[in-house]
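Participant: Chains as they are written, first to last, in the working numbering: chain F, 62 to 396; chain Z, 5 to 329.
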């Protein structure tokens, strides 16, 4: 039932800091989690936290520095290029800016047909009818095939990007901020379309996003990322009802409340996300955490299952576990 | 609301020539701003909200032009002012900040140098030497270690800090009106919360009225006193924030509220507004929202509604406005 298993994945980039010194940017650092078949796992975090790099590394669009990615049991990091290419049909990605991901000189129909041509699927007529079928599937008209990207709106372009991603019958789709550049009324259309497609085509999504309200609405589980690490992972309902990590709590408290009568809260976090170049030892959130203890600045907390299905990387919780004696909690922490 | 109006925009039209003829990006826009209030100007891309506010400062770029209307600011018509006076007004009594602070700041000058430019344009604002005055501005927008940061370059600032600098430069002249065009759209939620908090504080400390332009209704709920909703170049509804969220009158406002996912209210499906906003060069007959409106009737497709008073200090452009629940 696990479609994708991510084990100790690291993506590091060599960089030069302003003084000319060489340093390592830890974009993704020792990340482990699973993506279950047919779920919508949301990956949430602020800019620079590594969520897009993680998505690209899972698909091997970016080579990992260390770690493994098992897709349906096969280790993508060790696969020969030929096998990787044929496995790619089953995993696709949809990006934030739909117009940026379409070639302005290529008609919509050809853009959707490209993957069929590249993988030599069916006869020319079969490809043509598949393109029409895909256009209808994403709520466009077959006549849209003859239009060019500048002749369609942002929402329609995102539908085209989704159609192209679906052309090869994938089972896994990474959607990297697919509605962030769209207007609200169009956002709802695309989210509803993606929800319908998941059911009708039995898709699994990794949904990368920063809008917490969109994520709550759309996802089944949520992983929260901070400075290259997953700090909390839980079912959507659970994490919104009872966020455990102080960073998740702060993120939720920072989201605008669409209610003029709700009490006004002071900003939950001061300062900005620190640089992922040479991140601090210990917990990476310690420098901004209102609950930070001495141990947080020294020991790196591991992602631990503190309650069934609820994982958190925070020193507060193994202690909670001891004090309240949660006997059903399984822990992998060496502390 | 006993104070006299700060700003009154009447029937403002901004036109852009296109190969297919003239397009009205703002078409008969009217709204008012009282001193010290925060007004949300809300709408989707292309609705005319940005061009309307650029027109307030007479910054509409050629070949666009303001073809008609009146902009009364503190009693005088902005459109009649000579350019010399207009230049004193901009960054003085009326200031503007933009979405992306990093492109608004020049990377090769220190933040202090760029703040100093405000004093060059408005020498009367400076008290003491330029460095001290610049540091005071950074302090006002809560930039830690302000005296040293005057010498920093923009790349040494995060997006949130850079937006604080822009706000600082904007309010250096203690303007009566600050126009903020999507100032938090490029920022993360935790930083967005800090900037919204700063804008509230600026309003309280300086009694500056703020026009806050956004596509995100969720932000306006806890920031704005009143909201003006625009669609396809026109104002379709204006109301107090509370009334607008409680009982929207225009079906488009209702659609925007319903299509917005909200924290704590997980729904199986989001309501969606079908279709997309019209092409301003090929507007439908009658009401511009009629093709997407669930309540549209024959009259809506034939006759364009006017922006009419609708109850307590509200206005709505609709033949069949929604009733209070």
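Note that beta-carbon positions come from the ideal geometry of N, C-alpha and C, so glycine has one too.
Computed from a predicted model, the values in this text were never measured in an experiment.
I'd like to confirm the pairing. Which residues does DSSP put opposite residue 310 of chain Z in its beta bridges?
Facilitator: In DSSP, residue 310 of chain Z forms no bridge with anything.
Participant: Based on Cα-Cα distance, which residue from Z/180, Z/196, Z/181 lies nearest to residue 187 of chain Z?
Facilitator: Z/196
Participant: Determine the DSSP secondary structure at residue 254 of chain Z, reduced to helix, strand or coil.
Facilitator: Looking at residue 254 of chain Z - three-state DSSP - the assignment turns out to be coil, as it is neither helix nor strand.
Participant: Would you give the residue range spanned by the alpha helix (DSSP H) that residue 210 of chain Z belongs to?
Facilitator: That run of the alpha helix (DSSP H) goes 193-210.
Participant: What does residue 164 of chain Z touch in chain F if you count any residue whose Cβ is under 7 angstroms from its own?
Facilitator: Within chain F, the residues near residue 164 of chain Z are 333.
Participant: Do residue 281 of chain F and residue 100 of chain F have their CB atoms nearer than 7 angstroms?
Facilitator: yes
Participant: Please state whether DSSP places residue 228 of chain Z in a helix, a strand or coil.
Facilitator: Of the three classes helix, strand and coil, the one that applies to residue 228 of chain Z here is coil, per DSSP.
Participant: Okay, do the stretch 38-51 of chain Z and the stretch 240-247 of chain F touch, 3+ Cβ pairs below 8 angstroms being the bar?
Facilitator: yes
Participant: Verify whether the separation of the beta carbon atoms of residue 267 of chain Z and residue 274 of chain F is less than 7 angstroms.
Facilitator: yes
Participant: Quick test of your reading: residue 284 of chain F and residue 294 of chain F, contact by CB under 8 angstroms. State the CB separation rounded to the nearest angstrom.
Facilitator: 5 angstroms
Participant: If you follow the beta strand (DSSP E) that residue 21 of chain Z is part of, which residue opens it and which one closes it?
Facilitator: 11-22 is the span of the beta strand (DSSP E), which, as asked, contains residue 21 of chain Z.
Participant: What is the rounded straight-line gap between the Cα of residue 393 of chain F and the Cα of residue 251 of chain F?
Facilitator: Low confidence applies to residue 393 of chain F: its pLDDT is 38, below 50, so where it sits in the model is not reliable enough to give any reading.
Participant: For the putative contact between residue 233 of chain F and residue 151 of chain F, defined by C-beta atoms under 8 angstroms, what is the C-beta separation to the nearest angstrom?
Facilitator: Contact flag correct, Cβ pair sits at about 6 angstroms.
Participant: Just checking, does the stretch 67-80 of chain Z make contact with the stretch 146-165 of chain Z on the three C-beta pairs under 8 angstroms criterion?
Facilitator: no
Participant: List the endpoints of the continuous beta strand (DSSP E) containing residue 242 of chain Z.
Facilitator: 238-244
Participant: Name, please, each residue of chain Z whose Cβ falls closer than 9 angstroms to the Cβ of residue 216 of chain F.
Facilitator: 280
Participant: I'd like to know whether the C-beta atoms of residue 30 of chain Z and residue 44 of chain Z end up nearer to each other than 7 angstroms.
Facilitator: Taking 7 angstroms as the Cβ cut-off, residue 30 of chain Z and residue 44 of chain Z do not qualify as a contacting pair.
Participant: Cβ of residue 194 of chain Z less than 7 angstroms from any chain F Cβ?
Facilitator: Yes, contact with chain F.
Participant: Excluding the 5 residues preceding and the 5 following residue 264 of chain F in the sequence, name in chain order all residues of the same chain whose CB lies nearer than 8 angstroms to its CB.
Facilitator: 99, 231, 232, 233, 234, 258
Participant: Hey, is residue 389 of chain F's beta-carbon within less than 7 angstroms of any beta-carbon in chain Z?
Facilitator: With a pLDDT of 37 at residue 389 of chain F, under the threshold of 50, the predicted position of this residue should be treated as unreliable, and no value is reported.
Participant: Which chain F residues sit within Cβ distance under 8 angstroms of residue 219 of chain Z?
Facilitator: Residues of chain F passing the Cβ test: 244, 245.
Participant: With 16 as the cutoff for other CB atoms within 10 Å, does residue 11 of chain Z come out buried or exposed?
Facilitator: Buried is the call here.
Participant: Can you confirm whether residue 393 of chain F, when its beta carbon is compared against all beta carbons of chain Z, has any partner nearer than 7 angstroms?
Facilitator: Note that residue 393 of chain F scores 38 on pLDDT, short of 50, meaning its location in the model is unreliable; the coordinates nonetheless yield the value given after this. No, its Cβ sits nowhere closer than 7 angstroms to a Cβ of chain Z.
Participant: Does the count of Cβ pairs from the stretch 190-205 of chain F and the stretch 152-163 of chain F closer than 8 angstroms reach three?
Facilitator: Because the criterion of three Cβ pairs below 8 angstroms is not met, the stretch 190-205 of chain F and the stretch 152-163 of chain F do not touch.
Participant: Pull the bridge partners of residue 35 of chain Z from the DSSP assignment, please.
Facilitator: Residue pairing from DSSP places residue 35 of chain Z in a beta bridge opposite Z/13.
Participant: Cβ closer than 7 angstroms: which chain F residues qualify as neighbours of residue 277 of chain Z?
Facilitator: 246
Participant: Looking at chain F, is there any beta carbon in it that lies within less than 7 angstroms of the beta carbon of residue 287 of chain Z?
Facilitator: no
Participant: Say the cut is 6 angstroms; is the CB of residue 178 of chain F nearer than that to a heavy atom of the ligand SAM?
Facilitator: What this structure holds is no ligand at all, so the ligand SAM is not there to describe.
Participant: Across which residues does DSSP place residue 282 of chain F in a beta bridge pair?
Facilitator: F/102, F/296
Participant: Could you say which of F/90, F/212, F/346, F/134 lies nearest to residue 163 of chain F if we only look at CA atoms?
Facilitator: The residue among F/90, F/212, F/346, F/134 with its C-alpha nearest the C-alpha of residue 163 of chain F is F/212.
Participant: Excluding five sequence neighbours on each side, which residues of the same chain lie with their C-beta closer than 6 angstroms to the C-beta of residue 188 of chain F?
Facilitator: 174, 177
Participant: For residue 386 of chain F and residue 369 of chain F, I'd like the C-alpha separation in whole angstroms.
Facilitator: No answer about residue 386 of chain F holds up, because its pLDDT of 39 lies below 50 and its placement is not dependable.
Participant: In the DSSP assignment, the beta strand (DSSP E) including residue 213 of chain Z goes from what residue to what residue?
Facilitator: 213-218
Participant: Below 7 angstroms between beta carbons is the criterion; list the residues of the stretch 30-58 of chain Z that meet it against any residue of chain F, in chain order.
Facilitator: 48, 49
Participant: Is there a Cβ from chain Z that is less than 7 angstroms from the Cβ of residue 330 of chain F?
Facilitator: yes
Participant: Counting C-beta neighbours from all protein chains within 10 Å, is the total for residue 41 of chain Z 16 or more, i.e. buried, or is it exposed?
Facilitator: Buried is the call here.
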